[in-house]
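S.K.: Counting in my numbering, the sequence shown runs from 118 upward without gaps. All residues carry an ideal CB built from backbone N, CA and C; glycine is no exception. For reference, the structure I am asking about is given below.
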Amino acid sequence: MGRTGVAFNIFNQTMAARGWLVFSSNYRGSLSQGKAFQSAVINDTSEGPGRDIMSGIQVLKDRGIVDDERVPISQSYKLYHALKDNKVEVQFIAYPVSGHWPGDPVHARDVRRRWLNWIADHF
Numbered sequence: 118m119g120r121t122g123v124a125f126n127i128f129n130q131t132m133a134a135r136g137w138l139v140f141s142s143n144y145r146g147s148l149s150q151g152k153a154f155q156s157a158v159i160n161d162t163s164e165g166p167g168r169d170i171m172s173g174i175q176v177l178k179d180r181g182i183v184d185d186e187r188v189p190i191s192q193s194y195k196l197y198h199a200l201k202d203n204k205v206e207v208q209f210i211a212y213p214v215s216g217h218w219p220g221d222p223v224h225a226r227d228v229r230r231r232w233l234n235w236i237a238d239h240f
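Set out below in C-alpha cells:
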C-alpha cells in the first residue's frame with residue numbers, strides 16, 4: 118500500500134492553486150504510521166478505509182468547509198451515470214490499462230488535464 122504524506126503532489130497543488138479544496142485522507146493500511154496502522158486494514162480492506170475517509174469528510178463538513186452536493190461518488194462509473202442521468206455534460210474515458218490509474222505519463226497527464234478542465238467548467 119502507498120501512503121498519503123507530506124510529499125509534494127503536483128496534481129493536488131494544481132487544484133489548490135485554483136482555489137479548490139483538496140482532501141487527501143491518510144486511511145488505515147498506509148505505510149505512514151507504523152506496522153499497527155498498516156495492519157489495521159487486514160480483514161477490513163474496504164469498510165475501514167471507507168470509514169476513515171468519511172470521518173475526514175465529516176470533519177470538513179463540521180467546519181463548514183465542504184458542501185455535500187460537491188463530494189463526488191468514489192466510483193467513476195457510478196459518478197458518470199449519476200451525472201448523465203442529471204443532464205450534466207460528461208464523458209466516460211477508459212484507458213487501455215489495468216488498475217485504477219494509468220502508469221504511463223501520457224495517459225496520466227491526459228487524466229489530470231481532463232479532470233481539471235471538467236471541474237473548472239462545472240463548478
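1. Select from G146, G173, M171 the residue whose C-alpha is nearest the C-alpha of N160.
2. Determine the DSSP secondary structure at W232, reduced to helix, strand or coil.
3. Taking the alpha-carbon positions, what's the E206 to H198 distance?
4. Hey, which unbroken runs of the alpha helix (DSSP H) at 4 residues or more fall wholly within the region 121-188?
5. Quick check on K201: does DSSP put it in helix, strand or coil?
6. Determine the closest residue to I236 out of L148, L200, S172, with distance taken between C-alpha atoms.
7. Taking only three categories from DSSP, how would you classify D227?
8. Helix, strand or coil: which one does DSSP assign to D221?
9. So A225 packs on P219, CB below 8 angstroms; how close in whole Å?
10. Check A237 in the structure and name its three-state DSSP category.
M.R.: Judging by the given coordinates:
1. G146
2. helix
3. 11 angstroms
4. 127-134, 152-156, 164-179
5. helix
6. L200
7. helix
8. coil
9. 5 angstroms
10. helix
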